[in-house]
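Down below is the structure, laid out as structure tokens.
Residue numbers (our numbering): 451 to 675.
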């Protein structure tokens, strides 16, 4: 009888110790799942959504009239797929006196600006005071036309090396039909108090015609206003 009691007590003690030992061991699998399902949070800083101006390098010296530059760049950006020569942008400010270097050629890569004299049409300045006040798209008007142009092919005509223009606006859509081209002219020179007038063409100094044509031919944007 004593042997049976001792055997029973031994079984109870052994079973209790075994259970306590298992309870004291960490459940490794459960801890791993907890680590996977609930990773430690880290302080993550996000970058601010900053809009980068692709034209911020343009005209750092502020030579081009700001309103014209803003309008020209907006059109340039909106019609980029149609502009074959993206390296240069031309702006003519007809509101300035003809003796001013009011033809701006902007290098779209470096942002640098070169300035040139440019003539306006004879009948855009009827009293010949150097200011263009009237504009037309009509044939034989002998007036300058305002609006956006794309430069086209170069050729040699009665004025020598010249560059054809295609009008993109309602105000200059007849440019090719009217033979409105960029060409050199002796009456455009720095020594004149008021430079000569053309028949509507944006004529430039003879010494710069090759330089200008080479840079802007083949589909560059030109804005005259």
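We put the beta carbon where it would ideally sit given N, CA and C, even for glycine.
> Looking at the unbroken beta strand (DSSP E) that takes in residue 555, where does it start and where does it end?
Replying inline: The residue you call residue 555 lines up with position 105 of the chain shown. From DSSP, the beta strand (DSSP E) with residue 555 extends over 553-557.
> Can the beta-carbon of residue 540 be found closer than 8 Å to that of residue 507?
Replying inline: Residue 540 sits at position 90 when you count from the first residue of the chain shown. Residue 507 sits at position 57 when you count from the first residue of the chain shown. Contact: no.
> Counting Cβ pairs, one atom from each stretch, are 3 or more of them under 8 Å apart for the region 567-576 and the region 510-530?
Replying inline: no
> Which term fits residue 595, buried or exposed, when burial requires 16 or more other beta carbons within 10 angstroms of its beta carbon?
Replying inline: Looking up residue 595 in the chain shown gives position 145. With a 10 Å radius around the Cβ and a threshold of 16 neighbouring Cβ atoms, residue 595 comes out buried.
> Which runs of the beta strand (DSSP E) spanning at least 3 residues fall entirely within the region 573-658, listed in chain order?
Replying inline: Scanning the region 573-658 for uninterrupted beta strand (DSSP E) segments of 3 residues or longer gives 597-607, 610-617, 631-635, listed from N- to C-terminal end.
>> For residue 537, tell me which candidate among 675, 582, 599, 665 has the shortest Cα-Cα distance.
In response: One-based indexing of the chain shown puts residue 537 at position 87. For the residues 675, 582, 599, 665, the minimum Cα distance to residue 537 belongs to 665.
> Which residues in the same chain have their Cβ closer than 7 Å to the Cβ of residue 669, if we skip the five residues on either side of it in sequence?
Replying inline: One-based indexing of the chain shown puts residue 669 at position 219. Excluding sequence positions up to five before and after residue 669, its CB lies within less than 7 Å of the CB of 533, 534, 535, 600, 601, all in the same chain and listed in chain order.
>> Check for me: the beta strand (DSSP E) holding residue 523 runs from which residue to which?
In response: One-based indexing of the chain shown puts residue 523 at position 73. First-last for residue 523: 516-528, but that is the alpha helix (DSSP H), not the beta strand (DSSP E).
>> For residue 581, tell me which candidate among 642, 548, 557, 609 has the shortest Cα-Cα distance.
In response: Your numbering for residue 581 matches position 131 in the chain shown. Of 642, 548, 557, 609, the residue nearest in Cα terms is 548.
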